[in-house]
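Visitor: Quick one: this structure, given as structure tokens, is what I'll be asking you about.
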Amino acid sequence: MTVHEEWTNQLSEYLDGELPADERDAVEAHLKSCPPCAAVLNDLKRVVARASTVASHPPQADLWAGIAGRIERDAAARVVPFAAREARRVVFTLPQLAAAAALLIAVSGGIAWTVAERLRSETSLPVGTGSSASVAQPSRAADADGTSPATGTGAADFARVENVSMADAQYDAAVSDLEKALKAGRGQLDASTIAIVEHNLQIIDQAINQAREALASDPANSYLSSHLVEARRRKLDLLRRATALATETD
Amino acid sequence: MALHGETQAGSGLDSDVALAAGGDQTAFERLYRTHVARIHSLTRRMLSTQEADEVTQDIFVRTWQKLGQFRGDSAFSTWLHRLAVNVVIERRRSFAIQRERMSDDPAALDLLTVGPARADLKVDFESAIEQLPPGAREIFVLHDVEGYKHREIAVMLDIATGTSKRQLHRARMLMRQHLSGE
Numbered sequence: 001m002t003v004h005e006e007w008t009n010q011l012s013e014y015l016d017g018e019l020p021a022d023e024r025d026a027v028e029a030h031l032k033s034c035p036p037c038a039a040v041l042n043d044l045k046r047v048v049a050r051a052s053t054v055a056s057h058p059p060q061a062d063l064w065a066g067i068a069g070r071i072e073r074d075a076a077a078r079v080v081p082f083a084a085r086e087a088r089r090v091v092f093t094l095p096q097l098a099a100a101a102a103l104l105i106a107v108s109g110g111i112a113w114t115v116a117e118r119l120r121s122e123t124s125l126p127v128g129t130g131s132s133a134s135v136a137q138p139s140r141a142a143d144a145d146g147t148s149p150a151t152g153t154g155a156a157d158f159a160r161v162e163n164v165s166m167a168d169a170q171y172d173a174a175v176s177d178l179e180k181a182l183k184a185g186r187g188q189l190d191a192s193t194i195a196i197v198e199h200n201l202q203i204i205d206q207a208i209n210q211a212r213e214a215l216a217s218d219p220a221n222s223y224l225s226s227h228l229v230e231a232r233r234r235k236l237d238l239l240r241r242a243t244a245l246a247t248e249t250d
Numbered sequence: 251m252a253l254h255g256e257t258q259a260g261s262g263l264d265s266d267v268a269l270a271a272g273g274d275q276t277a278f279e280r281l282y283r284t285h286v287a288r289i290h291s292l293t294r295r296m297l298s299t300q301e302a303d304e305v306t307q308d309i310f311v312r313t314w315q316k317l318g319q320f321r322g323d324s325a326f327s328t329w330l331h332r333l334a335v336n337v338v339i340e341r342r343r344s345f346a347i348q349r350e351r352m353s354d355d356p357a358a359l360d361l362l363t364v365g366p367a368r369a370d371l372k373v374d375f376e377s378a379i380e381q382l383p384p385g386a387r388e389i390f391v392l393h394d395v396e397g398y399k400h401r402e403i404a405v406m407l408d409i410a411t412g413t414s415k416r417q418l419h420r421a422r423m424l425m426r427q428h429l430s431g432e
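Chains A and B, in that order, are what the protein sequence lines are.
Going by the working numbering, the first residue of the first sequence is number 1, and it counts up by one from there.
Going by the working numbering, the first residue of the second sequence is number 251, and it counts up by one from there.
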């Protein structure tokens with residue numbers, strides 16, 4: 001007797017319990033009368049059992065040194081969890097905040113420039129050349145010398161897998177809460193700090209809006225989606241930092 | 251999803267996650283040493299031995315970057331594993347081969363009719379996985395080795411559930427030829 005492909009093609013689904021009842025009954029009836037097909041099923045069972053028990057093996061070479069080196073070089077890779085930030089005392093100073101703000105300008109500018117370029121090249125829509133173009137150069141220069149957080153380890157990819165935690169409802173609620181907290185603590189911040197924060201929020205909002213507009217034209221563009229997520233993350237981060245600073249000086 | 255071989259994170263591991271998220275590289279190294287075998291095996295099975303070292307490093311660097319987003323909703327090992335799968339899938343896509351590999355090429359499916367393996371071609375189970383056609387290989391690894399469901403695989407790979415099922419069956423039929431060699 002030979003194997004009947006029309007039956008064996010159903011054996012994986014049968015084995016996984018994914019066949020409807022009538023098809024499952026038909027397969028079982030055939031297997032009772034067809035030893036070759038029953039033998040195939042037994043083989044498949046062995047494959048599945050073996051696959052579920054394959055052992056994991058470490059790499060032959062220790063990869064840690066390379067990982068540690070990349071972590072140390074990539075200062076932007078250092079991410080402190082939000083919960084930890086909220087629980088500890090804030091130690092950064094206004095000059096540090098200003099430096100972070102400068103970085104945010106570069107990153108946000110890069111996002112805006114990227115979105116504008118994508119729009120220009122893909123849809124030929126007219127794109128403003130004012131603020132977007134003016135902030136593009138620092139970002140590209142930063143990329144060239146490897147100091148931008150978008151280099152080296154794939155910030156776009158980083159953002160892409162972040163979709164769940166940056167879902168609209170979560171994000172909007174978090175931003176709303178932080179904006180309220182910042183408003184309440186605004187009086188604790190000096191004017192120059194408030195100016196820096198507001199200026200950078202404005203830039204990030206501009207990048208967010210441009211990304212949203214571009215996505216409206218090209219909703220499936222994962223490249224744009226990743227930049228939108230990244231810009232939103234930046235906004236959330238800045239709001240958290242500013243709120244923490246207001247709390248610190250309270 | 252309950253991954254094969256997954257264990258509940260202990261308090262020591264939990265504290266290492268928290269320490270690493272706060273910037274403690276020593277704690278992160280402990281996490282690396284705890285999980286590297288599983289992650290490296292995943293990359294080796296889904297990509298190749300040649301690529302596994304580099305991609306494993308990418309995965310742990312990415313993990314370091316994203317630790318601040320780990321909220322403890324699942325076990326750290328589950329979170330890390332999903333991140334690793336995403337990195338591997340991105341790597342495969344970067345070579346622009348994903349769609350070709352996912353196609354239900356009738357000629358490729360003819361492989362299902364291949365007869366028993368010749369004795370001189372028998373290889374161990376791990377090597378046999380690496381010899382599977384790429385589309386069938388990654389689904390076999392994700393489903394039968396790692397324990398993901400078809401609907402999860404379909405989302406991760408952006409394919410139809412039916413395609414995932416067909417490729418899995420194709421892979422199993424090819425793998426059965428290697429069992430007698432063990």
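Positions of the beta carbon are idealized from the N, C-alpha and C atoms, including for glycine.
Computed from a predicted model, the values in this text were never measured in an experiment.
(1) Cβ closer than 8 Å: which chain A residues qualify as neighbours of B:Leu418?
(2) According to DSSP, is A:His4 helix, strand or coil?
(3) Considering just the uninterrupted stretch of the alpha helix (DSSP H) at A:Cys37, what are its terminal residues?
(4) Could you give the distance in angstroms between the alpha-carbon of B:Glu402 and the alpha-carbon of B:Gly412?
(5) May I have the straight-line CA-CA distance separating B:Phe390 from A:Asp237, to the nearest angstrom?
(6) Taking only beta-carbon positions, decide if A:Pro257 is within less than 7 Å of chain B.
(7) Check whether the Cβ atoms of B:Trp314 and A:Ile71 lie closer than 7 Å to each other.
(8) A:Arg70 versus chain B: which residues are under 8 Å apart at the beta carbon?
(9) Using DSSP with H/G/I as helix, E/B as strand and the rest coil, what is A:Pro20?
(10) Do B:Ile309 and B:Ile289 count as a contact pair if the criterion is CB distance below 7 Å?
(11) Leaving out the 5 sequence neighbours to the left and right, which residues in its chain are closer than 7 Å to B:Arg368 when beta-carbon positions are compared?
(12) Under 7 Å, CB to CB, which of the residues in the region 282-297 of chain B have a partner in chain A?
(13) Among the candidates B:Leu407, B:Asp303 and B:Glu304, whose CA atom is the shortest distance from the CA of B:Arg332?
(14) What residues of chain B sit near A:Ser225, judged by a beta carbon separation below 7 Å?
(15) Quick one: does A:Pro35 have its CB under 7 Å from some CB of chain B?
(16) Measuring CA to CA, which of A:Asp177, A:Leu15 and A:Ala173 is closest to A:Leu44?
(17) Kindly provide the ranges of any alpha helix (DSSP H) runs that are 4 or more residues long and lie completely inside the region 379-424 of chain B, ordered along the chain.
(18) Which residues in chain B sit within 7 Å of A:Ala26, going by Cβ to Cβ distance?
(19) I want to see whether chain A comes within less than 7 Å of B:Asp264, judged by CB atoms only; does it?
(20) Under a three-way DSSP split, which group does B:His428 fall into?
(21) Taking the continuous alpha helix (DSSP H) assigned at B:Gln310, which residues delimit it?
(22) Looking at B:Val286: is its Cβ nearer than 7 Å to the Cβ of A:Ala51?
(23) Compute the Euclidean distance between the alpha carbons of A:Ala195 and A:Arg232, then round it to the nearest angstrom.
(24) Could you work out which residues of chain A lie near B:Phe375, taking near to mean beta carbons separated by less than 7 Å?
(25) Any idea what DSSP makes of A:Ser132, helix, strand or coil?
(26) How long is the line joining the alpha carbons of A:Leu11 and A:Glu5, rounded to whole angstroms?
(27) For the putative contact between B:Ala421 and B:Leu382, defined by C-beta atoms under 8 Å, what is the C-beta separation to the nearest angstrom?
(28) With a threshold of 7 Å between beta-carbons, can B:Met425 be considered close to chain A, or not?
Guide: Let me lay it out:
(1) Ser12
(2) coil
(3) Pro35 to Ala51
(4) 12 Å
(5) 40 Å
(6) An answer regarding residue 257 of chain A cannot be provided, because it is not within the stretch 1 to 250 covered by chain A.
(7) yes
(8) Gln307 and Val311
(9) coil
(10) yes
(11) With a pLDDT of 40 at B:Arg368, under the threshold of 50, the predicted position of this residue should be treated as unreliable, though the coordinate-derived value follows. Here the set comprises nothing.
(12) Tyr282, Val286, Ala287, Arg288, His290 and Ser291
(13) B:Leu407
(14) Within 7 Å Cβ-Cβ: nothing; A:Ser225 doesn't reach chain B, min ~14 Å.
(15) no
(16) A:Leu15
(17) 384-390 and 400-407
(18) In chain order: nothing, as chain B lies at least about 17 Å away.
(19) no
(20) helix
(21) Note that residue 310 of chain B is Phe in the sequence shown, not Gln. Thr299 to Lys316 is the extent of the alpha helix (DSSP H) around B:Phe310.
(22) no
(23) 20 Å
(24) Arg50 and Val54
(25) Annotation note: pLDDT 35 at A:Ser132 (below 50); position unreliable, coordinate value reported separately. Three-state result, A:Ser132: helix.
(26) 10 Å
(27) 5 Å
(28) yes
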